[in-house]
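A.B. asks:
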Amino acid sequence: MHDSQDYFNHLIKLLTLEKEEEILQFEGLMKNTSVQQRVEMGICWHPLKVVETGFGFGDYPFAILERTRAKDSPHQFSSGKSAILFSTDNQAPDAWKGIIQFVNGDQLKLIFFTDEEPEILDWGKLGVVLMPDENAYKEQESILKFVANARNCRLADLRDILILNAESENTKSTHFNPEINKSLNDSQKQAVQQIIDNKDVVMVHGPPGTGKTTTLIEATRLLVNDGEQVLLTAPSNAAADWLSIKCLEQGLKVLRMGNIAKIDEQLEKVTLEGHLRNHENFQDIRKYRKQSAELRRMAGKYKRQFGKAEREQRKLILQEAKSIGNEARKIEEYLITQCIDSADVITCTLMGANHRLLQNREFNTVIIDESAQSPEPACWVPISKANRVVLAGDPFQLPPTIKSEPAAKGGLSKTLMEKLLNNVPTNLLDIQYRMNKSIMEFSNKWFYGGNLKADERVLNWKLKELKSLEFIDTAGRGWNEKLNPETRSVSNPDEANLLVFLLIKLLNELNGMPVSIGVVSPYKEQTLLLNSLISEIEYPEHTFIDIQTIDSFQGQERDAIFVSLVRSNDDNEIGFLKDYRRMNVAMTRARKKLCIIGDSATLANDPFYKAFVDHCESNNAYHSAWEFDID
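Take any residue in the sequence shown, count from 1 to its spot, add 116: that is its number in the numbering used here.
1. Please report the straight-line C-alpha distance between D460 and T387, rounded to a whole angstrom.
2. Taking its Cβ as the centre, do 16 or more other Cβ atoms sit within 10 Å of S352, making it buried, or is it exposed?
3. Using the three-state DSSP reduction, which class does P541 fall into: helix, strand or coil?
4. Taking the runs of the alpha helix (DSSP H) that are 4 residues or longer, which of them lie wholly in the stretch 166-207?
5. Do you know whose CA, among D715, K621, I663, lies nearest G592's CA?
6. Hey, could you find the ends of the alpha helix (DSSP H) S668 is sitting in?
7. Look at N685 and E572 and say whether their C-beta atoms are less than 7 Å apart.
8. Please report the straight-line C-alpha distance between N627 and A706, rounded to a whole angstrom.
9. Measuring alpha carbon to alpha carbon, tell me which residue in P248, G221, N567 is nearest E137.
10. I'd like to know whether the C-beta of E136 is nearer than 7 Å to at least one C-beta of chain D.
11. Is L432 buried or exposed, if buried means 16 or more other CB atoms sit within 10 Å of its CB?
12. Check the C-beta distance from I279 over to Y123 and give it rounded, since I have them as a contact under 8 Å.
13. Taking the continuous beta strand (DSSP E) assigned at G714, which residues delimit it?
14. Just to confirm, is the Cβ distance from V320 to A508 under 7 Å?
15. So S520 packs on I555, CB below 8 Å; how close in whole Å?
16. What would DSSP say about G527, mapped onto helix, strand or coil?
17. Within the stretch 240-304, note down every full beta strand (DSSP E) run reaching 3 residues or more, in order along the chain.
18. Quick one: what's got a C-beta closer than 6 Å to P163's C-beta in the same chain, skipping five residues either side?
19. For K385, which of Q121, Q366, I361 has the nearest alpha-carbon?
20. Helix, strand or coil for N627, going by three-state DSSP, please let me know.
21. Which of helix, strand or coil does DSSP assign to H658?
22. Under a three-way DSSP split, which group does H471 fall into?
23. How close, in whole Å, do the beta carbons of P541 and N314 come, if the pair is a contact with beta carbons under 8 Å?
24. Of the choices A720, M533, V317, whose alpha-carbon is the least far from that of T590?
25. Checking the sheet assignment: what are the DSSP bridge partners for S637?
26. How would you call K694, buried or exposed, if buried means at least 16 neighbouring beta carbons within 10 angstroms?
27. Check whether the Cβ atoms of F728 and Y696 lie closer than 7 Å to each other.
28. Using DSSP bridges, identify the partner residues of M319.
29. What does the Cβ neighbour count give for H391, buried or exposed, with the cut at 16 atoms within 10 Å?
30. So if DSSP puts Y738 in a beta bridge, which residue, or which two residues, is it bridged to?
31. Could you tell me the distance, in whole angstroms, from the CA atom of K187 to the CA atom of I216?
32. In or out: G566 buried (at least 16 other Cβ within 10 Å) or exposed?
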């Protein structure tokens with residue numbers, strides 16, 4: 117017990133360092149930048165107009181807000197994030213914090229966890245700025261303490277198996293032999309069988325394009341058929357949404373917990389709000405809510421300047437509104453319990469597993485997808501509810517972003533999946549269905565020991581008869597990188613011009629053939645430059661071009677991918693290109709064509725990039741930028 121106590125105390129210390137660093141960065145940002153600078157950084161919308169207000173799920177007030185300037189510009193807003201509503205006309209107190217429920221184009225919905233609509237909504241020059249989610253840190257710390265102190269229970273057993281490599285008395289729990297979907301390949305079937313058989317912990321290692329989600333959903337379907345209710349989790353709302361959709365496709369009854377993005381109607385129906393809205397007793401809730409809202413409006417008619425009698429009357433009206441609202445809430449809580457009990461699968465984010473409605477529930481099987489993208493403390497939230505744990509992901513793709521350097525060096529950057537890779541039963545999914553053989557080959561050798569195979573359907577597919585892999589070497593051109601002193605991000609204008617030239621060349625060669633293209637770079641500054649350049653070119657209507665950072669592109673795929681590596685300097689500095697997992701993501705997004713542009717003189721002093729350049733040379737995939745006349 118002493119070892120596990122020390123282990124979790126250390127994790128809590130690292131988590132505290134991360135929280136303090138995030139708060140420090142936020143405070144420095146607010147102190148040293150203007151509202152306009154924050155808008156340009158994508159963490160602020162200003163000015164805003166109020167599109168709609170009201171009281172929604174849980175009888176909490178909400179506001180739908182729309183930005184009136186910088187429309188369609190890039191931003192970091194997404195569902196589930198914390199934000200502060202402010203006014204440049206007045207000083208807004210911290211009480212006007214909210215949670216973003218959805219972002220749709222230039223609109224977002226902000227939920228306030230207060231009894232009344234914030235007065236600020238009546239003010240002018242409104243804005244909203246992202247803020248650190250301190251509550252998430254508190255919840256993780258609380259869970260870590262809970263896990264550390266667990267004794268003589270299933271959680272204590274799992275904890276010791278996970279972190280102390282404790283032996284299990286019974287590693288098998290086979291009680292039924294399911295008929296696994298015959299369309300799965302052998303490695304997928306083996307992973308599904310082990311999820312069903314194993315009593316404690318199983319890992320599913322899914323390299324890019326190997327059907328990890330398909331495998332997890334099949335295991336979930338079989339467990340549900342055997343009478344289980346499965347908790348299916350992922351680090352992000354987008355990933356949890358995707359799991360929900362795939363479960364629905366299998367005919368499973370899904371309950372999607374937490375704040376979700378505003379997506380298609382199919383998924384809205386499986387949220388708590390959607391389930392309740394379709395329940396026969398929902399009209400009672402609606403009736404009480406309507407009465408409560410009418411009383412609130414009546415109380416709102418009292419102006420700020422009024423006497424004692426008016427103040428008392430307003431107080432009585434608000435009390436009655438609250439009382440009626442409580443009645444609605446009681447009915448709602450009863451219906452919610454029914455919804456949770458009757459679901460086959462509950463899907464949520466890792467932190468969503470700590471939702472108050474799930475806090476006292478346990479699940480025989482808890483599946484954590486993309487566990488190699490999540491800091492370890494967050495993984496313990498769903499694990500704390502498990503009898504059996506399934507960790508799925510790929511530790512050779514991008515890890516979570518850790519802001520605190522001391523926390524990262526102390527071990528917070530190492531995920532639970534990485535720690536367990538050689539200590540628990542692990543199933544490598546070894547058939548990939550995305551890339552042709554030449555695109556897959558280098559990544560397969562470097563990261564996966566050459567164990568992956570391309571499915572026959574993708575083995576040799578191409579864009580017409582064009583080369584599938586190309587490295588364009590800018591060495592000797594003098595195309596040096598440029599640092600933006602404000603953002604501290606790097607760009608390379610000459611390399612960007614070459615990429616656009618090659619992009620136009622590809623479009624001409626395809627001659628109107630429909631194609632999806634991804635343009636990616638490690639550096640935000642370069643993506644902004646590329647976005648500006650590509651917006652000026654014309655391309656066919658059925659051609660889709662998406663420009664993002666590599667980090668933003670994880671989990672996606674396109675027919676063709678162009679990668680701009682940017683770094684070109686006399687000191688051979690390659691920055692966070694040194695994290696080879698970032699390049700693994702970049703190299704494994706393409707289905708039929710991958711074109712990487714970089715300066716071998718800067719890159720090839722590093723063993724990974726030297727090996728890649730050598731690989732391209734030996735496979736007739738190497739070209740010099742001198743071959744292209746773009747001056």
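C-beta atoms are modelled at their ideal positions from N, C-alpha and C, and glycine is treated no differently.
C.D. replies: Reading off the structure:
1. 13 Å
2. The residue in question, S352, is buried, as its Cβ has 16 or more Cβ neighbours within 10 Å.
3. coil
4. none
5. D715
6. 666-669
7. no
8. 20 Å
9. P248
10. No chain D appears in the structure shown, which is made up of a single protein chain.
11. exposed
12. 5 Å
13. 706-714
14. A508 sits close to V320, with the two beta carbons spaced by under 7 Å.
15. Wrong, their Cβ atoms sit about 36 Å apart, outside the cutoff.
16. Note: G527 maps to helix in three-state DSSP.
17. 242-246
18. T184, K241
19. I361
20. coil
21. coil
22. coil
23. 6 Å
24. A720
25. DSSP output for S637 lists T665 as bridge partner(s).
26. K694 counts as exposed, since fewer than 16 other C-beta atoms from the protein chains shown sit within 10 angstroms of its C-beta.
27. Cβ distance not < 7 Å, so F728 and Y696 don't count as in contact.
28. L507, T542
29. Answer is buried; the Cβ neighbour count reaches 16.
30. F587
31. 18 Å
32. exposed
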